[in-house]
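Trainee:
Here's what the structure looks like:
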């Protein structure tokens, strides 16, 4: 699998990003905080795509919250690639990049619906722990928050 920095507004990303946003908004309504192509293109966000045999396998973004704190944004495996290790590879890439940048903490927000269970299991297996809201998030029954202490040994 190849993971490369990419443009979230690129045509090859559009269908998967639209699917991602529609699914989240369909389940979480006003509590879906996934970014669209414009939000993923901001200067404080870095966006990567994963490719397997020339096929878009997924994407992930890393948002800098402050010089020591990053946030995993919009991680998604393509539907045909779910369960094949794409999510683990993308998460590993983001964690490694956050460590390279010198972040002390990596946070994320995700939903509580059943469709989020595989992602939550992945985050926990990677060492993320339950935390409270961070940045501008507010608690709700539709959201949960995780963090990874990057100062600990990998």
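Numbering (the UniProt record's numbering), first residue to last: 1 to 154. Don't be surprised by glycine CBs; every beta carbon is placed ideally from N, CA and C. Being a predicted model, the structure only gives us computed values, none of them experimental.
1) Counting C-beta neighbours from all protein chains within 10 Å, is the total for residue 2 16 or more, i.e. buried, or is it exposed?
2) Using the C-alpha atoms, what's the distance from residue 123 back to residue 83?
3) Checking the sheet assignment: what are the DSSP bridge partners for residue 105?
4) For residue 160, name the three-state secondary structure that DSSP assigns.
5) Could you tell me the boundaries of the alpha helix (DSSP H) in which residue 50 lies?
6) From the DSSP output, in three-state form, read off residue 58 for me.
7) Nearest to residue 79 by alpha carbon, out of 118, 36 and 133?
8) In angstroms, rounded to a whole number, what distance separates the CA positions of residue 56 and residue 112?
9) Is the separation between the beta-carbon of residue 98 and that of residue 70 shorter than 8 Å?
Mentor: This is what the structure gives:
1) Burial call: exposed.
2) If you draw a straight line from the Cα of residue 83 to the Cα of residue 123, it is about 14 Å long.
3) Bridge partners of residue 105: 69 and 149.
4) There is no way to answer for residue 160, as the model of the chain reaches only from 1 to 154.
5) Here residue 50 belongs to no alpha helix (DSSP H); instead the beta strand (DSSP E) covers 45-52.
6) Strand at residue 58.
7) Taking each of 118, 36 and 133 in turn and checking the Cα distance to residue 79, the smallest one comes out for 118.
8) If I take the Cα positions, the gap works out to 27 Å.
9) A contact, by the Cβ cut-off of 8 Å.
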